[in-house]
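Undergrad: Here it is, the structure in full.
Protein chains: 2
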Amino acid sequence: MGRVTGDGTVGKALEVLDQVAAFGRPVRFSEILAQSDFPKPTLYRFLQTLTNQQMLAYDPERQTYTPGLRLVRLAHTAWDQSTLAPVARPHLDALSKAVGETVHLAQLDHAQVLYIDKRNANNPVQMYSQAGKVGPAYCTGVGKVMLAFLDQDAVETVIEQQSFHGFTDHTLDSADALRAELSDIRQNGYGFDREEHEPGIICVAMPILTLAGRVLGALSVTSTTSRTNLAGLEAYVPILRETADKITRDAQNWSFPDYQTKETTGI
Amino acid sequence: MGRVTGDGTVGKALEVLDQVAAFGRPVRFSEILAQSDFPKPTLYRFLQTLTNQQMLAYDPERQTYTPGLRLVRLAHTAWDQSTLAPVARPHLDALSKAVGETVHLAQLDHAQVLYIDKRNANNPVQMYSQAGKVGPAYCTGVGKVMLAFLDQDAVETVIEQQSFHGFTDHTLDSADALRAELSDIRQNGYGFDREEHEPGIICVAMPILTLAGRVLGALSVTSTTSRTNLAGLEAYVPILRETADKITRDAQNWSFPDYQTKETTGI
DNA sequence: AAACTAAGTTTCACATAATGAAACCAGTTT
DNA sequence: AAACTGGTTTCATTATGTGAAACTTAGTTT
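Read top to bottom, the protein sequences are chains A and B. Okay, so the first sequence: first residue is 3 according to our numbering, each after it adds one. Okay, so the second sequence: first residue is 3 according to our numbering, each after it adds one.
Take a look at the structure:
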């Protein structure tokens, strides 16, 4: 039959969940239906189930669905256990204090960049708003340095999945351009975003690798062309490398999360 | 046969997901099996499906499961669309700056307090680590003020679900004690945490209500007995009330999320 | 090295649960 | 009042999920 999901009913339900999330705003049944491959009653049932399960929230007033609170609860654990964030946190704090610019911590998820943590330039942060955000891999500093250190065939798989939308006129808009850039990055050990995603926004990025060389994530320091330039950002390379190394070291050791006291401090 | 979930296969799968998350650490198949009502192969299949779907992450090295990255992605949207956080953010920033103490924004989820956002006292924040965290309703400032303004029968339902564990010797450890406290809070319009959850930790909390009086969430300012006392915290009541009012007002207006430009700023 | 054991994985007959065409039920519009 | 449109329910059919039992490693013991 038609290409669906694999993973049976559960997979299908999660597909619906993704669809709703993808709208990025409260959506009505009919809007989802229009996007969906599922027949009306099937979709209807999934939405009911997901809502029951608090994976979606339903606003009876406006008759709209949004992703539900249960996700927030679950994600807390996910963030704390399946990402670099807890290990990286102190190092990210230090880095942030040292450079005084916006810093990001990201990981690769599928073929996308997933932002895991962030410190804002000066104003005391509004984080989670950004953690969990996804972005294109081919035109962000963190994205490119992570791709650069993937193994050859993994890169190709990921490259195939990029859509190469030209955000600015500096955006690398072809697989070949990207391959060349990745090769450069591999050479240097770090990379830049030269206003490739947003005009005026530049960054320098450093991969976080295991001792064996596997990609764990990436760090970046972001600024604007009005405040500095690439040469200015390059000055941060040493401290970025240091920070990345520390994270690597901690991650390596910490990999035995031997029964940490689950809740030492109350919230 | 035995009480399960309702919501068919999807519900069961999500139950498993919760179980894994509840461990709060990477878990092996056999550990989950021990907790689970599902027979071995059934559980096995669910874990496979969830892992496939990135709702769980599997570490083949240690043979352990943890909540997966997909949750982080999804929660971002949930947080941004189904919580007070985006509306409250600027007001929370202002409040934080004004009082210089740790402030929390929370909502009620099931019978628990779900922390949605936070600003730390002085050190520039490590938020998401806390957002998504859940806590008991009966012995936190935010929990109690939210319960206080629920309608009568809703309160009773919630009270039944509390477990009344005595965290400290100030903890309200019975339904009746709690009912009395709620009545006081209703009188005053705000409430305290008198070291009920953690010794030395006190807070003043203010509900966020709709104009019609329905509970949306709660705010709190937290401090320690070494730095101040309840009278000291009470001084924050006016600014807390003001902040809560502003959030109410914005939430009321903002409820038509009329096609906001999905991504104005890149990350 | 043969005999246990425990943890994880696969099989397969069976029963349950998901499926979706069609029908139904508001509200709205023509 | 007839013809939409968006949402909900029914129900026979079928696909899917189910779990006892069997099997496969890998790790211990005798």
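All residues carry an ideal CB built from backbone N, CA and C; glycine is no exception. As the structure is a computational prediction, the values presented were derived from the model and not from experiment.
If you draw a straight line from the C-alpha of G70 of chain B to the C-alpha of Q83 of chain A, how long is it?
TA: On the second sequence, residue 70 of chain B is found 68 positions in, with the first residue counted as 1. On the first sequence, residue 83 of chain A is found 81 positions in, with the first residue counted as 1. Cα to Cα, G70 of chain B sits roughly 9 Å from Q83 of chain A.
Undergrad: Report the CB separation of G219 of chain A from G143 of chain A in whole angstroms; it is logged as a contact under 8 Å.
TA: In the first sequence, residue 219 of chain A corresponds to position 217, counting from 1. In the first sequence, residue 143 of chain A corresponds to position 141, counting from 1. Going by Cβ atoms, the distance from G219 of chain A to G143 of chain A rounds to 12 Å, so no, they are not a contact pair.
Undergrad: Following the continuous alpha helix (DSSP H) through F31 of chain B, name the residue where it begins and the one where it ends.
TA: As a first step, residue 31 of chain B is located in the second sequence; it is residue number 29 there, counting from the start. Its alpha helix (DSSP H) spans residues F31 to Q37.
Undergrad: Where does H167 of chain A fall in DSSP's three states?
TA: Within the first sequence, the letter at position 165 stands for residue 167 of chain A. Correct three-state label for H167 of chain A: coil.
Undergrad: Evaluate contact between the region 181–193 of chain B and the region 136–151 of chain B, counting only Cβ atoms and requiring at least three cross-stretch pairs below 8 Å.
TA: The answer is yes - the region 136–151 of chain B touches the region 181–193 of chain B, with three or more Cβ pairs under 8 Å.
Undergrad: Here's a check: name, in chain order, each residue in its chain whose Cβ is nearer than 8 Å to the Cβ of I204 of chain B, leaving out the five neighbours to either side.
TA: Working through the second sequence from its first residue, we reach residue 204 of chain B at position 202. Taken in chain order, the residues that qualify are F194, D195, R196, E197, T224, S225, T226, T227, T230, N231, L232 and L235.
Undergrad: Measuring only between beta-carbons, confirm whether S228 of chain A sits less than 8 Å from chain B.
TA: Locating residue 228 of chain A in the first sequence gives position 226, where the first residue counts as 1. No, S228 of chain A lies away from the interface with chain B (no Cβ there is under 8 Å from its Cβ).
Undergrad: Report back the beta-carbon spacing between V29 of chain B and Y67 of chain B to the nearest angstrom; my notes put them in contact at under 8 Å.
TA: On the second sequence, position 27 is the one that residue 29 of chain B refers to. On the second sequence, position 65 is the one that residue 67 of chain B refers to. Right, the Cβ-Cβ distance comes to about 6 Å (below 8 Å), so this counts as a contact.
Undergrad: Among the residues of its own chain, which have a CB less than 8 Å from the CB of I241 of chain B, if the five just before and after it don't count?
TA: Translated into the one-based positions of the second sequence, residue 241 of chain B becomes position 239. Closer than 8 Å at Cβ, skipping near neighbours: L97, A100 and V101.
Undergrad: Under 8 Å by Cβ, that's how I've got V136 of chain A and V115 of chain A pegged, so tell me the actual separation to the nearest angstrom.
TA: To locate residue 136 of chain A, count along the first sequence from 1; it is residue 134. To locate residue 115 of chain A, count along the first sequence from 1; it is residue 113. The Cβ separation is near 6 Å, so the contact holds.
Undergrad: Under 8 Å between the Cβ atoms of L174 of chain B and C141 of chain B?
TA: The residue given as residue 174 of chain B occupies position 172 in the second sequence. The residue given as residue 141 of chain B occupies position 139 in the second sequence. Cβ distance < 8 Å, so L174 of chain B and C141 of chain B count as in contact.
Undergrad: Please compile the residues from chain A whose C-beta is within a distance smaller than 7 Å of the C-beta of S84 of chain B.
TA: In the second sequence, the residue the question calls residue 84 of chain B occupies position 82. Correct list: A59, T68, P69, G70 and L71.
Undergrad: Round the Cβ separation of V206 of chain A and V239 of chain A to the nearest angstrom and send it over; I've been treating them as touching at under 8 Å.
TA: On the first sequence, position 204 is the one that residue 206 of chain A refers to. On the first sequence, position 237 is the one that residue 239 of chain A refers to. Between V239 of chain A and V206 of chain A the Cβ distance is about 7 Å, and since that is below 8 Å, they are a contact.
Undergrad: Which one of B:A23, B:L107 and B:T51 has the shortest CA to CA distance from H93 of chain B?
TA: In the second sequence, counting from the first residue as 1, residue 93 of chain B sits at position 91. Closest by alpha carbon: B:L107.
Undergrad: Closer than 8 Å by beta-carbon distance: list the chain B residues that pair up with Q55 of chain A, in chain order.
TA: Locating residue 55 of chain A in the first sequence gives position 53, where the first residue counts as 1. Chain B residues near Q55 of chain A: D9, V12, G13 and L16.
Undergrad: Using a Cβ-Cβ distance cut-off of 8 Å, determine whether L97 of chain B contacts chain A.
TA: As a first step, residue 97 of chain B is located in the second sequence; it is residue number 95 there, counting from the start. False, the Cβ-Cβ gap to chain A never drops below 8 Å.
Undergrad: Can you give me the C-alpha to C-alpha distance between I161 of chain B and L76 of chain A, rounded to a whole angstrom?
TA: Locating residue 161 of chain B in the second sequence gives position 159, counting from the first residue. Locating residue 76 of chain A in the first sequence gives position 74, counting from the first residue. Taking the straight line from one Cα to the other gives about 24 Å.
Undergrad: So is R27 of chain B in contact with chain A if we call contact Cβ pairs under 8 Å?
TA: Counting from one through the second sequence, the residue named residue 27 of chain B turns up at place 25. R27 of chain B counts as touching chain A.
Undergrad: So that I know if they touch, is there some Cβ in chain A lying closer than 8 Å to that of V136 of chain B?
TA: The count along the second sequence starts at 1 and reaches residue 136 of chain B at position 134. Yes, contact with chain A.
Undergrad: Counting only C-beta atoms, is R75 of chain A closer than 8 Å to chain B at any point?
TA: Residue mapping note: residue 75 of chain A aligns to position 73 of the first sequence, counting from 1. At least one chain B Cβ lies under 8 Å of R75 of chain A.
Undergrad: L19 of chain A versus chain B: which residues are under 8 Å apart at the beta carbon?
TA: Reading the first sequence from its first residue, position 17 is the one you call residue 19 of chain A. Residues of chain B passing the Cβ test: L76.
Undergrad: Does chain B have any CB closer than 8 Å to the CB of L116 of chain A?
TA: Residue mapping note: residue 116 of chain A aligns to position 114 of the first sequence, counting from 1. Yes, contact with chain B.
Undergrad: Name the chain B residues that come within less than 7 Å of T79 of chain A, Cβ to Cβ?
TA: Locating residue 79 of chain A in the first sequence gives position 77, where the first residue counts as 1. Ordered by position in chain B, the residues that pass the 7 Å Cβ test against T79 of chain A are A23, G26 and P69.
Undergrad: When the Cα of F40 of chain A is compared with those of A:L58, A:E63, A:G13 and A:M57, which residue comes out closest?
TA: Residue 40 of chain A sits at position 38 when you count from the first residue of the first sequence. When each option's Cα is compared against that of F40 of chain A, the closest is A:G13.
Undergrad: Taking the Cβ atom as the reference point for each residue, do I277 of chain A and A139 of chain A lie within a distance shorter than 8 Å?
TA: Given that chain A is displayed from residue 3 to residue 269, the structure contains no residue 277 of chain A and the question cannot be resolved.
Undergrad: Give me the chain B residues within the contact set of T51 of chain A, using Cβ-Cβ distance strictly less than 8 Å, ordered along the chain.
TA: Locating residue 51 of chain A in the first sequence gives position 49, counting from the first residue. Near T51 of chain A (Cβ distances below 8 Å), the residues of chain B are D9, G10, V12 and G13.
Undergrad: Mark R5 of chain A as exposed unless 16 or more other C-beta atoms lie within 10 angstroms of its C-beta, in which case mark it buried.
TA: Locating residue 5 of chain A in the first sequence gives position 3, where the first residue counts as 1. In this prediction, R5 of chain A scores a pLDDT of 39, lower than 50, which makes its location untrustworthy; no coordinate-derived value is stated.
Undergrad: May I ask you to list the residues that DSSP assigns as paired with C205 of chain B?
TA: The residue given as residue 205 of chain B occupies position 203 in the second sequence. Paired residue(s): B:D195 and B:T224.
Undergrad: So the candidates are B:L221, B:V22 and B:R121; which of them puts its Cα closest to the Cα of L49 of chain B?
TA: Within the second sequence, numbered from 1, the residue matching residue 49 of chain B stands at position 47. The shortest C-alpha separation from L49 of chain B is found at B:V22.
Undergrad: Would you say D171 of chain A reaches chain B, if we count a Cβ-Cβ gap shorter than 8 Å as a contact?
TA: Here the question's residue 171 of chain A lines up with position 169 in the first sequence. Cβ-Cβ to chain B under 8 Å: no for D171 of chain A.
Undergrad: Reducing DSSP to helix, strand and coil, say where D155 of chain B ends up.
TA: The residue labelled residue 155 of chain B in the question sits at position 153 within the second sequence. Helix at D155 of chain B.
Undergrad: Looking at the C-beta of D111 of chain A, does it have a partner C-beta in chain B at a distance below 8 Å?
TA: Residue numbering aside, residue 111 of chain A sits at position 109 when the first sequence is read from its first letter. It does; some Cβ of chain B falls within 8 Å.
Undergrad: Runs of 3 residues minimum, wholly inside the region 76–120 of chain B: which ones carry the beta strand (DSSP E) assignment?
TA: Counting whole runs of 3 or more residues, the region 76–120 of chain B contains the beta strand (DSSP E) stretches 104–111.
Undergrad: Quick check: L58 of chain A and L86 of chain A, are their CB atoms within less than 8 Å of each other?
TA: Here residue 58 of chain A refers to the residue found at position 56 of the first sequence. Here residue 86 of chain A refers to the residue found at position 84 of the first sequence. No, Cβ-Cβ distance for L58 of chain A and L86 of chain A is not below 8 Å.
Undergrad: Cα separation between S222 of chain B and D95 of chain B?
TA: What you label residue 222 of chain B is simply residue 220 of the second sequence in a count that begins at 1. What you label residue 95 of chain B is simply residue 93 of the second sequence in a count that begins at 1. Those two C-alpha atoms are separated by around 13 Å.
Undergrad: Could you pull the DSSP bridge partners for Y67 of chain A from this structure?
TA: As a working note, residue 67 of chain A is residue 65 in the first sequence. Per DSSP, A:V29 and A:Y60.
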